[in-house]
Amino acid sequence: MKVLVIGGGGREHALVWKISSSPKVDKIFCAPGNAGISRIAECVSIRADDVQGLLSFVKHNKIDVTVVGPEAPLVLGISDAFRSEGLKIFGPSKAASKLEGSKAFSKNIMLKYNIPTAEAGVFTDYDNAIEYIRKKGTPIVIKADGLAAGKGVIVATNEKEAADAVKAMMIDMVYGDAGKMIIIEECLTGEEVSFLVFTDGRDIIPMPLSKDHKRVFDDDKGPNTGGMGAYSPVPGISDEMYLRIMDDIIVPVIEGLEREGYKYEGVLYTGLMITRDGPRVLEFNCRFGDPEAQPI
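Going by the numbering used here, the sequence shown opens with residue 453, and the numbers climb by one from there.
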């Protein structure tokens, strides 16, 4: 079997390493890959978001299955493009990937299907956003609606920080179109964990819990990044809590998406805060976590 892994980071290195242990796999390609990956797979100079380039490569080289690492090609619709050509690919459709591609869409799904999450408002107007912050107070969380490479979430400890974050996203457009719409939500406290599952839209197979550290500096200080490091499993999370996450969050969101016409196939990654009142969803992602995929 020939396999293509799309992406070029530590997550993809972990995926290539694990896939290479299968006796069913004869050859692994990675696009674009990196220096470390090149030791165990053949790297191909095609960007992860070059859907047509990847499609042509897979057809020409008769790849048996493609595994998508990053979110960008999924949100662009790479799974739809491959499946329309009869090619096997691991990853959700463009429609289902909106769960990560739009935080407003994700929040609406959670509210509609009674999935526990933070109270929030969605804004396209700067003045309305500032007024909401004054009304709710701080600390408060400002999120760009679209993809921002894991950097589009600001935890503001005072009104100035919150206003600066809104201005950066909506006026200065530091995240481009991703910040045209923003979500402002309550700042939850507790232990943050990542819960990843495999699913075909019906059956659900959970992976071990993991925890990533997002802040750029030691002692949980500085701005959020795409992830500085992670570990798995996570001690202190009871079996009862594990089942509660499955019953109250994972199953309802997958079933809810199907009711909306979006069958979810691939990895569903849920960022959670374990609060005193139970688990609350911070975000949904449509792919393996990075860096969580590495310890898992």
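Cβ coordinates follow ideal geometry from the N, Cα and C atoms, glycine included.
- Residue 617 and residue 733 have their C-alpha atoms spaced approximately 22 Å apart.
- Excluding the 5 residues flanking it on each side, residue 522 has same chain C-beta neighbours closer than 6 Å at 459, 500, in chain order.
- Distance from the CA atom of residue 576 to the CA atom of residue 482, rounded to whole angstroms, is 39 Å.
- Within its own chain, the residues whose Cβ lies closer than 8 Å to the Cβ of residue 685, once the five positions on either side in sequence are excluded, are 660, 661, 662, listed in chain order.
- Here the alpha carbon of residue 470 sits roughly 20 Å from the alpha carbon of residue 652.
- In this structure, residue 597 lies near residue 555, with their beta-carbon atoms less than 8 Å apart.
- Scanning 708, 496, 692 for the CA closest to the CA of residue 565 turns up 708.
- Straight-line spacing of the CA atoms in residue 649 and residue 569 works out to 19 Å.
- Note on residue 508: under 16 other CB atoms within 10 angstroms of its CB, so exposed under the neighbour-count rule.
- Assigned with DSSP and collapsed to three states, residue 510 falls in helix.
- For residue 721, there is no enclosing alpha helix (DSSP H); the enclosing beta strand (DSSP E) has its first and last residue at 718-727.
- Residue 627 has its alpha-carbon roughly 13 Å from the corresponding atom of residue 594.
- Residues of the same chain with a CB within less than 7 Å of the CB of residue 498, apart from the 5 flanking positions on each side, are 483, 484, 505, 506, 509 in chain order.
- In the DSSP assignment, the residues bridged to residue 676 are 667.
- Residue 699 counts as exposed, since fewer than 16 other beta carbons sit within 10 angstroms of its beta carbon.
- If you compare the alpha carbons of 612, 604, 599 with that of residue 583, the shortest gap goes to 612.
- Spatial neighbours of residue 712 in its own chain (CB-CB distance under 8 Å, excluding positions within 5 residues in sequence) are listed in chain order as 561.
- In the structure shown, residue 536 falls within a helical segment according to DSSP collapsed to helix, strand and coil.
- Spanning the alpha carbons of residue 674 and residue 690 requires a straight line of approximately 30 Å.
- Spatial neighbours of residue 591 in its own chain (CB-CB distance under 7 Å, excluding positions within 5 residues in sequence) are listed in chain order as 607, 608, 609, 639.
- From the listed residues 541, 654, 477, 717, the smallest Cα separation to residue 737 is found for 717.
- Here residue 687 is exposed, its C-beta having fewer than 16 other C-beta atoms within 10 Å.
- The beta carbons of residue 526 and residue 517 sit no closer together than 8 Å.
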